[in-house]
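First up is the structure itself, then whatever we jot down about it.
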Amino acid sequence: MEKKKLIVYLGILFLVMMGFSLIWSIYFKEKTAAVVKVKEVSNDFIVIEDQLNMKRTIDVPRVITKLIKANEEYFVEYESSLIGLPKLVSIEPLNER
207 MEKKKLIVYL GILFLVMMGF SLIWSIYFKE KTAAVVKVKE VSNDFIVIED
257 QLNMKRTIDV PRVITKLIKA NEEYFVEYES SLIGLPKLVS IEPLNER
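And the structure:
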């Protein structure tokens, strides 16, 4: 009887630990900073292209999208996780003039 209880206890502990690790992996965020060129500006997102010509769609607040111009270079920081679009943290125009 004690052996059954121990097996059930270890099984429940294993499931709880797997649940916590799944939640952690979903909400773990990675921060990225890069010099990019904005290719497209929409109401809720922007499409950027980095110096390696890789395109990425980033979720941006509507207030900010009105200030961003397409075909301009910016220094951006954004957070990405395993689910959903990356989210903009900060953006600064590059003044090369």
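Counting from 207, one number per residue, gives the positions in the sequence shown under the working numbering. Cβ coordinates follow ideal geometry from the N, Cα and C atoms, glycine included.
May I ask you to report which of helix, strand or coil DSSP gives residue i?
| i | result |
| --- | --- |
| ILE274 | coil |
| LEU288 | coil |
| PHE220 | helix |
| LYS235 | coil |
Which partner residues does residue i have in the DSSP bridge list?
| i | result |
| --- | --- |
| LEU246 | Strictly speaking, residue 246 in this sequence is Glu, with Leu absent from that position. Looking at the DSSP assignment, GLU246 forms a beta bridge with VAL253. |
| GLU283 | ALA239, SER296 |
What residue does the beta strand (DSSP E) around residue i start on, and which one ends it?
| i | result |
| --- | --- |
| LEU294 | 293–299 |
| LYS157 | In the structure as shown, the chain begins at 207 and stops at 303. Residue 157 is therefore absent and cannot be evaluated. |
Measure how close the beta-carbons of residue i and residue j come, nearest whole angstrom, since I'm counting them as under 8 Å.
| i | j | result |
| --- | --- | --- |
| PRO292 | ARG262 | 7 Å |
Worksheet entry | Three or more C-beta pairs below 8 Å linking the stretch 260–279 and the stretch 227–237 | no
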